[in-house]
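Novice: This is the structure, below, for whatever I ask next.
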Amino acid sequence: MEWEGAALVLSARAYGESGAIVHLLTEEHGRTAAMVRGGASRRQAAVWQPGNLVLARWQARLPDQLGHVSAEPVQQASARVLDRPFHLDMISAVTAVADGALPDREPHPQLFLDLVRLITAIAVLGDPPPMADLVRWERDLLAVLGYGLSLERCTVTGTTEELAFVSPKTGRAVSAEGAGPWRERLLPLPHFLLDSSDESRPDEWLHGLDLTGYFLSRHLFGARHSPVPEARHRLRERVRAMVENAQ
Numbered sequence: 135m136e137w138e139g140a141a142l143v144l145s146a147r148a149y150g151e152s153g154a155i156v157h158l159l160t161e162e163h164g165r166t167a168a169m170v171r172g173g174a175s176r177r178q179a180a181v182w183q184p185g186n187l188v189l190a191r192w193q194a195r196l197p198d199q200l201g202h203v204s205a206e207p208v209q210q211a212s213a214r215v216l217d218r219p220f221h222l223d224m225i226s227a228v229t230a231v232a233d234g235a236l237p238d239r240e241p242h243p244q245l246f247l248d249l250v251r252l253i254t255a256i257a258v259l260g261d262p263p264p265m266a267d268l269v270r271w272e273r274d275l276l277a278v279l280g281y282g283l284s285l286e287r288c289t290v291t292g293t294t295e296e297l298a299f300v301s302p303k304t305g306r307a308v309s310a311e312g313a314g315p316w317r318e319r320l321l322p323l324p325h326f327l328l329d330s331s332d333e334s335r336p337d338e339w340l341h342g343l344d345l346t347g348y349f350l351s352r353h354l355f356g357a358r359h360s361p362v363p364e365a366r367h368r369l370r371e372r373v374r375a376m377v378e379n380a381q
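The working numbering puts the sequence shown at residues 135 to 381.
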């Protein structure tokens with residue numbers, strides 16, 4: 135059994151003296167684990183950094199085996215943002231979420247392509263960082279895995295105007311009028327999730343991270359009795375600090 139194709143590195147950990155176990159995301163094969171001979175060596179370690187796009191060659195005797203992989207770098211996103219801690223945290227967060235949430239060997243082609251575009255944007259764009267796109271990708275991840283948010287109209291009044299909140303119980307939008315006395319129990323809905331052309335601000339990024347983070351924790355990581363990745367918590371804290379410093 136073997137395949138060759140573009141793959142995103144989601145994670146890598148040392149195995150044995152110089153080997154590594156890596157998790158890759160591909161368009162056709164989904165999230166796949168493999169062993170890399172010499173993957174932890176100085177010569178290869180840079181290839182297997184989370185967020186890197188590689189041309190991978192995977193081989194195994196049987197389809198359900200761990201398999202071995204080798205690769206050539208195509209785009210080393212992590213190296214491009216080493217001097218930009220915020221952008222590096224973004225790449226670490228989104229790859230950790232993908233690694234922890236996606237099921238093994240279940241292809242999601244559009245989600246893969248969108249993640250490649252997102253990481254490319256993080257690596258090549260300056261400020262402001264594409265945080266709104268990161269939150270939108272997490273929203274799409276929830277939808278692909280069966281936990282989509284319903285943000286088209288207010289679940290209380292049916293209106294499509296002044297949507298400002300999301301119900302933590304149903305994942306449905308609620309308007310400012312429909313919120314009524316339950317306003318404090320609802321999750322704020324950032325406008326950039328309703329309008330992709332919206333130029334968002336750090337306070338809206340924070341609301342967006344809290345919104346998708348709530349449902350990631352409840353439906354994906356919580357269902358597996360696992361915490362949301364620490365890398366995502368670090369990104370949220372960085373955004374929170376930006377909001378507090380701006381006040």
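Quick reminder that beta carbons are idealized off the backbone N, C-alpha and C, glycines included.
These numbers were taken from a predicted model, which means no experiment stands behind them.
When the Cα atoms are used, what is the spatial distance from P361 to F355?
Specialist: 6 Å
Novice: Verify whether the separation of the beta carbon atoms of G139 and A190 is less than 9 Å.
Specialist: Yes; because the gap between Cβ atoms is below 9 Å, this pair is in contact.
Novice: How is the alpha helix (DSSP H) around H341 delimited, first residue to last?
Specialist: 336–349
Novice: Please go through the same chain and pick out, in chain order, the residues whose beta-carbon is closer than 6 Å to the beta-carbon of A365, but skip the five residues on each side of it.
Specialist: The answer, listed in chain order, is S226, A227, A230.
Novice: Secondary structure at P263, three-state DSSP: helix, strand or coil?
Specialist: In this structure, P263 counts as coil in the three-state DSSP scheme.
Novice: Exposed or buried, what is T346 when buried is set at 16 or more other beta-carbons lying within 10 Å of its beta-carbon?
Specialist: buried
Novice: So S152 and A174 are in contact, right, with Cβ under 8 Å, and what is the actual spacing, rounded?
Specialist: Indeed they touch by this definition, with Cβ atoms about 5 Å apart.
Novice: Given a threshold of 16 other Cβ atoms within 10 Å of its Cβ, counted over all protein chains shown, does M224 qualify as buried or as exposed?
Specialist: buried
Novice: Can you grab the Cα-Cα spacing for the pair V170 / A213, in whole Å?
Specialist: Those two C-alpha atoms are separated by around 20 Å.
Novice: Smallest Cα separation from S204: which of V250, D329, V143, L343?
Specialist: V143
Novice: List the endpoints of the continuous beta strand (DSSP E) containing V308.
Specialist: Note, V308: beta strand (DSSP E), 307–309.
Novice: On the DSSP letters alone, give me the boundaries of the alpha helix (DSSP H) that H367 sits inside.
Specialist: It spans 364–380 - the alpha helix (DSSP H) in which H367 sits, taken as one unbroken run.
Novice: Give the single residue among A154, P237, E240, T294 whose Cα lies nearest to the Cα of G201.
Specialist: Closest option to G201, Cα to Cα, is A154.
Novice: If you run the structure through DSSP and keep just helix, strand and coil, what is H157?
Specialist: strand
Novice: Which residues in the same chain have their Cβ closer than 7 Å to the Cβ of S284, if we skip the five residues on either side of it in sequence?
Specialist: The residues are G305, R306, A307.
Novice: To the nearest angstrom, report how far apart E295 and S309 are at their CA atoms.
Specialist: 7 Å
Novice: Express the C-alpha separation of T291 and R335 in angstroms, rounding to a whole number.
Specialist: 28 Å
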